[in-house]
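Novice: Can you read through this structure? Questions will come right after.
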Amino acid sequence: MKRITMLIFALIAMVSTIEAQFLQPNSSIYGSRSLGVENKPQSIEPAERLRNIESSATYNPNQPANLQSQSFVVNNRNPQATLLDEGFDDITTLPGAGYSFVNVSDALGLTDWFQGNDGVFPAHSGAPTAYIGANFNNTAGSVINNFMITPVLELENGDVITFWTRSPDASTFPDRLEVRLDPTGANTDPSGPADVGSYTELLLEINPNLTQGGYPQVWTEFTVTVSGLSGATNTRVAFRYWVTDAGPVGNNSDYIGIDTLTIEEGTGGGGGVCGSPILEINQDVDDTCMANISQTGLAQSYIPLEAEAAGAGIKFRDPSTGLNVDLSLWDGLPNAGGTMLASGTTQTDGTNWADVYWDPVVNVTVGNTYYIVIDGDTTLPCISGSINDPYPDGNVFANAGYTPFPTFDYTFRTYSCDSGGSTCTSTAYDSTAVPFDIDGAGNSTSDCANAPNLIPVTVSDMGTIGSGATLENITIDIAHTFTADLDLYLVSPNGTELLLANDLGGGTDDGYNGTMFEDGGADITLATAPFGVGPYEPMGGTFAAAFAGEEIMGDWNLKVCDDAGGDTGQVLQFSMSICVPPVITNDDCANAYVLACGDSVVGETLTATDSGGNAAPDVFYKFTGTGSAQLVTISLCGGGTDYDSVLRVFDDCDLANELAFNDDFCGLQSEVTFVSDGTSTYYIMVEGFGSNSGNFSLDVTCTEPLPNDDCGGAIAVSCGDSVTGTTVGATIDSAPECGTPITSPGVWYTLDDTSGLAGDITLSLCNGTDFDSKISVYTGSCAALTCVAGNDDSCGLQSEVTFPTDGNTKFYILIHSFGGATGNFTMDVTCMPTPPPNDMIVNSIDVDEIGFPYTDPSVAMPAATTEDGNPQGCDLTGANGVWYNFVAAGDGTANAMIVTPGGASSVTFYTAPDENATETDLVLVPQNTNQCVPGTSASIFTLAGQAYYVFVLNTGAITDIVIDGTNLGVSDNSIAGFSYYPNPTTGVLNLKSVDNIERVSLYNLLGQRVLDSRVGATATQLDLSGLSAGSYLMKVTVNGQTGTYKLLKD
0 MKRITMLIFA LIAMVSTIEA QFLQPNSSIY GSRSLGVENK PQSIEPAERL RNIESSATYN
60 PNQPANLQSQ SFVVNNRNPQ ATLLDEGFDD ITTLPGAGYS FVNVSDALGL TDWFQGNDGV
120 FPAHSGAPTA YIGANFNNTA GSVINNFMIT PVLELENGDV ITFWTRSPDA STFPDRLEVR
180 LDPTGANTDP SGPADVGSYT ELLLEINPNL TQGGYPQVWT EFTVTVSGLS GATNTRVAFR
240 YWVTDAGPVG NNSDYIGIDT LTIEEGTGGG GGVCGSPILE INQDVDDTCM ANISQTGLAQ
300 SYIPLEAEAA GAGIKFRDPS TGLNVDLSLW DGLPNAGGTM LASGTTQTDG TNWADVYWDP
360 VVNVTVGNTY YIVIDGDTTL PCISGSINDP YPDGNVFANA GYTPFPTFDY TFRTYSCDSG
420 GSTCTSTAYD STAVPFDIDG AGNSTSDCAN APNLIPVTVS DMGTIGSGAT LENITIDIAH
480 TFTADLDLYL VSPNGTELLL ANDLGGGTDD GYNGTMFEDG GADITLATAP FGVGPYEPMG
540 GTFAAAFAGE EIMGDWNLKV CDDAGGDTGQ VLQFSMSICV PPVITNDDCA NAYVLACGDS
600 VVGETLTATD SGGNAAPDVF YKFTGTGSAQ LVTISLCGGG TDYDSVLRVF DDCDLANELA
660 FNDDFCGLQS EVTFVSDGTS TYYIMVEGFG SNSGNFSLDV TCTEPLPNDD CGGAIAVSCG
720 DSVTGTTVGA TIDSAPECGT PITSPGVWYT LDDTSGLAGD ITLSLCNGTD FDSKISVYTG
780 SCAALTCVAG NDDSCGLQSE VTFPTDGNTK FYILIHSFGG ATGNFTMDVT CMPTPPPNDM
840 IVNSIDVDEI GFPYTDPSVA MPAATTEDGN PQGCDLTGAN GVWYNFVAAG DGTANAMIVT
900 PGGASSVTFY TAPDENATET DLVLVPQNTN QCVPGTSASI FTLAGQAYYV FVLNTGAITD
960 IVIDGTNLGV SDNSIAGFSY YPNPTTGVLN LKSVDNIERV SLYNLLGQRV LDSRVGATAT
1020 QLDLSGLSAG SYLMKVTVNG QTGTYKLLKD
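Going left to right, the sequence shown walks through residues 0 to 1049 as numbering that gives the first Met the number 0 numbers them.
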């Protein structure tokens, strides 16, 4: 968008009284570009900006205007001390507190750091302007390099920096912010548009690639851990607003705010950088190019096996040198409220792997899920990975918004600290099938593929290769008279085969004599038989890669094929060593087992403990969606549950917010359905009713949610609609009970009645509904529903409800059922507005009893009903209008007018024998200005004493109707000296007159007298509390003179 920045601000800056740049800004130069507060200039004259600080309380005009000249050292190393706490309530105090502001952009612009502008967005906390801001006007050129630098602090590795920041809503001009540290304590200011001075340690970079939408557009908290220091150091932290292609004419830079900055002493973490990191998880399967840095939103989830996280590594498809790789550790995804626990940057070194070690190490919870977020130079090679789910305990996230890919994994590894022990236990397993004759009876050499020699080892422990379990080695001893005849394979319980060796050793006897195979061993093809212990790496690849993601429990087989005749032998030994992970049960929510759509699992609560809910043992599972919303059903109804069960669903392991609950959905068993948003993790508790426990089978099914399953997705309907729908696949709502209990799945509709016509609405399920249905109707909002009406079984097992409307209300309609039933339905919507009171001729308003000119206000004409007959001279068949009548007091004129025409309109006058006529008694007044044709007005000449009727038709709009003329009746008049109050009145009406008040009469708009009082005094009170609210005509007689007055009763 083209913008014009008024040059006058630059001129004012040069000639006016010097003020601190940190005062509350003028919105035109301190505003956001994307919000349209300011226009970009076509050109800006160069002008030197003033960086004075004399408005600061401690400003010394004899000192240079370099804010760093004031030196402050905060030295407070008490345990968990807060080293800095700044809310930016008044930034004119910051220089006096030791802050520096250094703008070394390529050309100084109209602004520096300034007090927050609540016209762009308000502060995160405190007063609306209580934050510090910077914007695109920091430069008049194209590069912003603007630093806010804290006072000197005594910092150590592990100290924690926390702050909040954001840019404007829907900004199209990307911003970037860096958090930097001076690792030396020299505190040298930057000196040019690309210089960082001595602040060389990059701790955090927000939106490094200047991606549109990459800077938070709502207040977002960032946590940064201090690293890169050799020990306790008196140094400073710098916030660098650094944007290229920036400024008033650039494509980048808009407006950023920073609020609530704290720096606290670290909790100790794992005690600094790990002195002896060890490989923890090694997902080294690499079969595809998984993602590029430029895609953004890259992360890998994993579950740590040890309580201290020391670092992580990522593998690339190709080697590179000198490119930055940024890795950080989070306890949740950055876009889902996660907190960054550690971060670091390394450079590629000519290999495919890049490792970053956390400084300090991070204390983590074994069994919880953590996220390695990946960033760096966009020119880095493609990140390696596998689409075959080699690491089942985690998965890939990629693209903006961190889209999950549940069966994909990056090629990654994690490190923990060597605590003197191991996260798994080396366990030996020996075959009991040895000695085993090679090609014994019934097993010929020529048929090895279909009848191989299989020597089993049974593993009874649980674990997953690559996720806590490691196949360390196997050892074989084979007596055979021609070793080169043998082809050897290891076959997993899942059927995966890995070639150990084939056709090696020539004619040597007994070549495999206690020979060991392990990952990283020597190349056996280069060895000489007999091979001895080795160890050797399998010819077909590593154990870790071949069996990644497979369970260790079951029968592992040594497959031996003798592919030539004439020689015989035996397998004398086959043993395995597997490092088995500790058994982690799902008795605790933190160790909840992962569930996915389509899973069927068995479990038991007999050996579990009670974590909450009922006084029954419980176990936990967790479910995370695949990126899009789903209806997830957890069912214990499959037949494998042998006790009275209960299901609960929570949003967190604190078990504070229960999202769904069920007991006895199918007999004594339970089934619960909840809506997954596609990214959150949900925790499922399986427990018993009372204190029951037992065995269970659990099935997970997922379906697409109905669009109107939730009130927020209600489908709009209108009067006259007949809509079909279903509750199959819906969930049970938590709306307030309305007319009938809500115990079954339901769907939502809205009816927004804006007709302006009061009346009744009927919702009917009596035709085309195939289940035992219910209806509940509400007003208000989805967050605060108010019951209007409800029904169950109005027509057999079907429901129908009628409720009033004022013509200006939005209704929320819940279609649900009795006893958990679901099915298909047809809902008919019928609206019956209340007709006007003079809809029928028998209720015609007697106008001359009220007075002329007469206005009938806001007549609900579209609600009028059709007429019962036809006057002479005008066919009213199908017409729906209202009636008025009067007797002319003398010869004169009469006219009637529709003020707001709509739809079909017509006005006609008729003569009548008297004021008690029917339609067929009437005769159209035969005058040119009174025709039986469409129109919005009519007029006639009247005769004294003649009764007349007026028919008004206006099918499409509510309208005032005005009737007037000459010599029609006694005109409205007032009496000198008479007054009345209050008007409007809610009850008591006071009357007062100079002369004697003889009589007071009150008439409604139908001309009916509703009150008649003989007074005989100069003052009186009338009690009108028994009258309906509305307009009335009051006739007052004083000394023989009659006056007419309009009165409103509230």
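Where a beta carbon is used, it is the ideal one built from N, C-alpha and C, also for glycine.
Computed from a prediction, not measured in an experiment: that's the story for all the values here.
For G689, which residues of its own chain have a beta-carbon under 8 Å away from its beta-carbon, when the five flanking residues on both sides are left out?
Specialist: In the sequence shown, the residue the question calls residue 689 occupies position 690. Here the set comprises N613, A614, A615, D643.
Novice: What's the C-alpha gap between R316 and E496?
Specialist: As a position in the sequence shown, residue 316 is number 317, starting the count at 1. As a position in the sequence shown, residue 496 is number 497, starting the count at 1. C-alpha separation (whole angstroms): 26 Å.
Novice: Just to confirm the assignment: which complete alpha helix (DSSP H) runs, minimum length 4, are found wholly within the segment 575-634?
Specialist: Within the segment 575-634, no complete alpha helix (DSSP H) run reaches 4 residues.
Novice: Pick helix, strand or coil for T833, following the three-state DSSP scheme.
Specialist: Working through the sequence shown from its first residue, we reach residue 833 at position 834. Here T833 sits in coil by DSSP.
Novice: Just the C-alpha distance for T224 and A544, rounded to the nearest angstrom, thanks.
Specialist: The count along the sequence shown starts at 1 and reaches residue 224 at position 225. The count along the sequence shown starts at 1 and reaches residue 544 at position 545. Cα-Cα distance, rounded: 35 Å.
Novice: Considering A298, what are the terminal residues of the alpha helix (DSSP H) in which it resides?
Specialist: By one-based count along the sequence shown, residue 298 stands at place 299. Counting along the chain, A298 falls outside any alpha helix (DSSP H), though it belongs to the beta strand (DSSP E) covering 297-301.
Novice: On a Cα-Cα basis, can you pick out the residue from F120, G125, A96 that is closest to D88?
Specialist: The count along the sequence shown starts at 1 and reaches residue 88 at position 89. That would be G125, whose Cα lies nearest to the Cα of D88.
Novice: Would the beta-carbon of S104 fall within 8 Å of that of N144?
Specialist: What you label residue 104 is simply residue 105 of the sequence shown in a count that begins at 1. What you label residue 144 is simply residue 145 of the sequence shown in a count that begins at 1. In this structure, N144 lies closer than 8 Å to S104 by Cβ.
Novice: Using a threshold of 8 Å, state whether the C-beta atoms of V828 and C710 are closer than that.
Specialist: To locate residue 828, count along the sequence shown from 1; it is residue 829. To locate residue 710, count along the sequence shown from 1; it is residue 711. No. Outside cutoff.
Novice: Less than 8 Å between the C-beta atoms of Q572 and I473, yes or no?
Specialist: As a position in the sequence shown, residue 572 is number 573, starting the count at 1. As a position in the sequence shown, residue 473 is number 474, starting the count at 1. No, the pair does not count as a contact, with Cβ atoms beyond the cut-off.
Novice: Give the list of continuous beta strand (DSSP E) stretches no shorter than 3 residues that lie fully inside the segment 131-172.
Specialist: Entirely contained in the segment 131-172, the beta strand (DSSP E) runs reaching 3 residues are, in chain order, 131-134, 143-148, 151-154, 159-165.
Novice: Just to confirm my understanding: we take V433, look at its own chain, exclude 5 residues before and 5 after, and list those with CB closer than 7 Å. What are they?
Specialist: Mapped onto the sequence shown, residue 433 falls at position 434. Once the five neighbours on either side are set aside, the close Cβ partners of V433 are I454, V570, L571, Q572, F573.
Novice: Going by the beta-carbon positions, is the gap between D522 and S466 smaller than 8 Å?
Specialist: Numbered from its first residue, the sequence shown carries residue 522 at position 523. Numbered from its first residue, the sequence shown carries residue 466 at position 467. No. Outside cutoff.
Novice: Evaluate contact between the segment 784-800 and the segment 673-690, counting only Cβ atoms and requiring at least three cross-stretch pairs below 8 Å.
Specialist: The segment 784-800 vs the segment 673-690: no contact.
Novice: Alpha carbon to alpha carbon, what distance is there between S733 and F810?
Specialist: Sequence index remark: in the sequence shown, residue 810 carries index 811 (1-based). Sequence index remark: in the sequence shown, residue 733 carries index 734 (1-based). Those two C-alpha atoms are separated by around 17 Å.
Novice: Go ahead and pull the three-state DSSP assignment for N75.
Specialist: Here the question's residue 75 lines up with position 76 in the sequence shown. For N75, the pLDDT reaches just 39, beneath the cut-off of 50, and the residue's location in the model is therefore unreliable, leaving the point undetermined.
Novice: Check each candidate in V217, S229, T164, A185 and name the one with the smallest Cα separation from L203.
Specialist: Looking up residue 203 in the sequence shown gives position 204. Among V217, S229, T164, A185, the Cα nearest to that of L203 is on T164.
Novice: Can you list, in chain order, the residues of its chain whose CB lies under 8 Å from that of P834, leaving out five sequence neighbours each side?
Specialist: On the sequence shown, residue 834 is found 835 positions in, with the first residue counted as 1. If we look at P834 and ignore the five residues flanking it on each side, its Cβ neighbours are A859, A862, A863, T864.
Novice: Where does F21 fall in DSSP's three states?
Specialist: The residue labelled residue 21 in the question sits at position 22 within the sequence shown. The predicted model places F21 with a pLDDT of 34, which falls under 50 and marks its position as unreliable; any figure quoted below should be read in that light. It is coil, neither helix nor strand.
Novice: Just how far apart, CA to CA, sit A133 and T234?
Specialist: Numbered from 1 along the sequence shown, position 134 holds the residue referred to as residue 133. Numbered from 1 along the sequence shown, position 235 holds the residue referred to as residue 234. Their backbone Cα atoms lie some 24 Å apart in a straight line.
Novice: Going by DSSP in three states, S843 sits in which element: helix, strand or coil?
Specialist: Here residue 843 corresponds to residue number 844 of the sequence shown, with the count starting at 1. Three-state result, S843: coil.
Novice: In chain order, what residues of the same chain lie with their CB nearer than 6 Å to the CB of S1012, ignoring the 5 residues before and after it?
Specialist: Here residue 1012 refers to the residue found at position 1013 of the sequence shown. These residues qualify, in order along the chain: V999.
Novice: Which class does Y29 belong to by DSSP, given the choice of helix, strand or coil?
Specialist: As a working mapping, residue 29 is identified with position 30 in the sequence shown. The answer is helix: DSSP assigns Y29 an H, G or I state.
Novice: Would DSSP call P333 helix, strand or coil?
Specialist: Position 334 of the sequence shown holds residue 333. DSSP places P333 in helix when its eight states are reduced to three.
Novice: From the DSSP secondary-structure annotation, give me the bridge partner or partners of V532.
Specialist: Indexing the sequence shown from 1 puts residue 532 at position 533. Its beta-bridge partners do not exist; DSSP assigns none.
Novice: Kindly give me the distance between the Cβ atoms of Y535 and G548, rounded to whole angstroms, as I take these residues to be in contact under 8 Å.
Specialist: Translated into positions along the sequence shown, residue 535 becomes position 536. Translated into positions along the sequence shown, residue 548 becomes position 549. No, Y535 and G548 are not in contact; Cβ-Cβ is about 24 Å, not under 8 Å.
Novice: For D244, name the three-state secondary structure that DSSP assigns.
Specialist: Mapped onto the sequence shown, residue 244 falls at position 245. Here D244 sits in coil by DSSP.
Novice: Specify the secondary structure class of D791 as computed by DSSP and reduced to three states.
Specialist: Locating residue 791 in the sequence shown gives position 792, counting from the first residue. Strand.
Novice: Nearest CA to the CA of T219: which residue from G321, A129, G337?
Specialist: For the purposes of this step, residue 219 is taken as residue 220 along the sequence shown, with counting starting at 1. For T219, the nearest C-alpha among the options comes from G337.
Novice: Distance, Cα to Cα, Y401 vs Y592?
Specialist: Reading the sequence shown from its first residue, position 402 is the one you call residue 401. Reading the sequence shown from its first residue, position 593 is the one you call residue 592. Taking the straight line from one Cα to the other gives about 23 Å.
Novice: Whose C-alpha, out of A500, F542, N493, is nearest the C-alpha of D486?
Specialist: Taking the first residue of the sequence shown as position 1, residue 486 is located at position 487. Nearest C-alpha to D486: A500.
Novice: Check whether the Cβ atoms of G196 and P207 sit closer than 8 Å, and answer yes or no.
Specialist: Counted from its first residue, the sequence shown places residue 196 at position 197. Counted from its first residue, the sequence shown places residue 207 at position 208. Against a cut-off of 8 Å, the Cβ pair of P207 and G196 comes out as no contact.
Novice: Using DSSP's beta-bridge definition, name the partner residues of D959.
Specialist: In the sequence shown, residue 959 corresponds to position 960, counting from 1. The partner list for D959 (beta bridge, DSSP) is empty, contrary to what the question assumes.
Novice: Could you check how far apart the C-beta atoms of P492 and G553 are, in whole angstroms? I think they sit under 8 Å.
Specialist: The residue you call residue 492 lines up with position 493 of the sequence shown. The residue you call residue 553 lines up with position 554 of the sequence shown. Correct: roughly 3 Å between the Cβ atoms.
Novice: Within this structure, are the beta carbons of L705 and V746 separated by less than 8 Å?
Specialist: As a first step, residue 705 is located in the sequence shown; it is residue number 706 there, counting from the start. As a first step, residue 746 is located in the sequence shown; it is residue number 747 there, counting from the start. Taking 8 Å as the Cβ cut-off, L705 and V746 qualify as a contacting pair.
Novice: Cα separation between N740 and S816?
Specialist: To locate residue 740, count along the sequence shown from 1; it is residue 741. To locate residue 816, count along the sequence shown from 1; it is residue 817. The residue asked about is misnamed: residue 740 is Pro in this sequence, not Asn. Computed Cα separation, rounded: 9 Å.
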